[in-house]
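Just add 139 to the spot in the sequence shown (first one is 1) and you have my numbering. Cβ coordinates follow ideal geometry from the N, Cα and C atoms, glycine included.
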Amino acid sequence: MFTTGLVIFLGLAFILAKLPRRLMLRALHHDMALDLLVSAVVLMVHFGTFSGLAAATVAGLLTSIATSSAKRLFGSHDGKNYKPGIFHVAVR
Numbered sequence: 140m141f142t143t144g145l146v147i148f149l150g151l152a153f154i155l156a157k158l159p160r161r162l163m164l165r166a167l168h169h170d171m172a173l174d175l176l177v178s179a180v181v182l183m184v185h186f187g188t189f190s191g192l193a194a195a196t197v198a199g200l201l202t203s204i205a206t207s208s209a210k211r212l213f214g215s216h217d218g219k220n221y222k223p224g225i226f227h228v229a230v231r
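Quick look at the structure:
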């Protein structure tokens, strides 16, 4: 169940990493909405069994931790202003 949750989370993390940097930073600006959306979608997809719901819950928790960490590390972009994190990301 934890392994399945980790695999689900890694799939979502790879999708976020492949986004263009400006779009990724805009998604990180709305980190709470992103966490809720991801958690709701994976819960709906894996609904029906206890192990599926447990894996979706683990994936949602890992996504929440990852988006909060990424926002602190890389910052966010609200459409007008780039709010830098610990590491500066070049946004054109």
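In whole angstroms, what is the alpha-carbon distance linking residue i and residue j?
| i | j | result |
| --- | --- | --- |
| Ile204 | Gly191 | 20 Å |
| Leu155 | Thr188 | 27 Å |
| Pro159 | Arg165 | 10 Å |
| Gly218 | Lys210 | 15 Å |
| Val153 | Asn220 | Just to set this straight, residue 153 is Phe in the shown sequence, not Val. In a straight line, the C-alpha of Phe153 is about 25 Å away from that of Asn220. |
| Leu151 | Ser208 | 15 Å |
Got a sec, what are the start and stop residues for the alpha helix (DSSP H) residue i sits in?
| i | result |
| --- | --- |
| Met163 | 160-168 |
| Thr143 | 141-157 |
| Thr196 | 189-213 |
Taking 7 Å as the threshold (C-beta atoms), are residue j and residue i in contact?
| i | j | result |
| --- | --- | --- |
| Ala179 | His185 | no |
| Val230 | Phe213 | no |
| Phe148 | Leu182 | no |
| Phe141 | Val177 | no |
| Phe162 | Ser215 | What sits at residue 162 in the sequence shown is Leu, not Phe. Going by C-beta atoms, Leu162 is not nearer than 7 Å to Ser215. |
Look up residue i in the DSSP assignment and say whether it is helix, strand or coil.
| i | result |
| --- | --- |
| Lys222 | strand |
Given the structure, does residue i come close to the ligand HEM, in the sense that its CB is under 6 Å from one of the ligand's heavy atoms?
| i | result |
| --- | --- |
| His169 | Although the ligand HEM was asked about, the structure shown includes no ligands whatsoever. |
#### Entry: Stretch-stretch touch, CB-based, cutoff 8 Å, three pairs: the segment 215-227 with the segment 171-178
no
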